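Peer 1: Numbering (our numbering), first residue to last: 488 to 623. Heads up, the beta-carbon is just placed ideally off N, CA and C, and yes, glycines get one too. Model, not experiment: these values are computed from the prediction. Attaching a single structure in structure tokens format; questions to follow.
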Ligand SMILES: CC(C)(COP(=O)(O)OP(=O)(O)OC[C@H]1O[C@@H](n2cnc3c(N)ncnc32)[C@H](O)[C@@H]1OP(=O)(O)O)[C@@H](O)C(=O)NCCC(=O)NCCS
């Protein structure tokens, strides 16, 4: 969608906020160049659940292990420092890279939302994946 500079600036400020239920981080390569973003979102402190998201925005950097490493770091942070118990992801079913990555990282399918999102002119189904962390 088209976005104005003002709205973009507002969004930039809002995503820097890490004190509440969303914790967002940049992903950098070894030289400090940004390659993407990751985070845990929608933390529920009573149920100790959250959602995970990751985006490797520099296409040439995809498939090099950044997504998996970002997840492992966020899982460690969520489990050991935020006392979280379960992580969920919502992923478009035909996003083979993401679905394969999450399965390799130990996620199991909890459900499927039929024709959930309208993307590029058609409806796409979304998988709900979940992973219980070490301590249960
Ligand atoms: C999906 C995404 C996060 C994966 O991160 P990545 O750094 O590219 O993936 P990794 O290098 O860690 O790969 C992890 C595993 O995913 C699978 N995978 C990665 N890219 C793949 C591709 N293009 N096709 C099929 N499987 C793929 C592989 O099995 C890989 O394991 P392997 O290297 O042992 O074979 C990244 O491609 C991305 O940001 N895509 C666009 C945004 C997006 O879809 N985000 C997820 C929304 S939930």
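Starting from the N-terminal side, write out each stretch of the alpha helix (DSSP H) that is 4 residues or longer and does not extend beyond the region 549-610.
Peer 2: 553-567, 583-591
Peer 1: Between the region 528-547 and the region 557-567, are three or more C-beta pairs nearer than 8 Å?
Peer 2: yes
Peer 1: Use the C-beta contact count for residue 506: other C-beta atoms within 10 angstroms, 16 or more gives buried, fewer gives exposed.
Peer 2: Position 19 of the chain shown, counted from the first residue, corresponds to residue 506. Burial call: exposed.
Peer 1: Count the CB pairs spanning the region 569-581 and the region 612-622 that are closer than 8 Å, and state whether there are at least three.
Peer 2: Result yes; three or more Cβ-Cβ pairs closer than 8 Å.
Peer 1: Closest by CA to residue 598, which one among 560, 612, 556, 587?
Peer 2: Here residue 598 corresponds to residue number 111 of the chain shown, with the count starting at 1. When only C-alpha atoms are compared, the closest one is 612.
Peer 1: Check for me: the alpha helix (DSSP H) holding residue 496 runs from which residue to which?
Peer 2: In the chain shown, counting from the first residue as 1, residue 496 sits at position 9. Where residue 496 is concerned, the enclosing alpha helix (DSSP H) starts and stops at 492-502.
Peer 1: Is it buried or exposed for residue 526, if we count other Cβ within 10 angstroms and need 16 for buried?
Peer 2: For the purposes of this step, residue 526 is taken as residue 39 along the chain shown, with counting starting at 1. Buried.
Peer 1: Starting from residue 525, trace the beta strand (DSSP E) both ways and give me its first and last residue.
Peer 2: Here the question's residue 525 lines up with position 38 in the chain shown. Taken as a continuous stretch (DSSP letters only), the beta strand (DSSP E) holding residue 525 covers 521-531.
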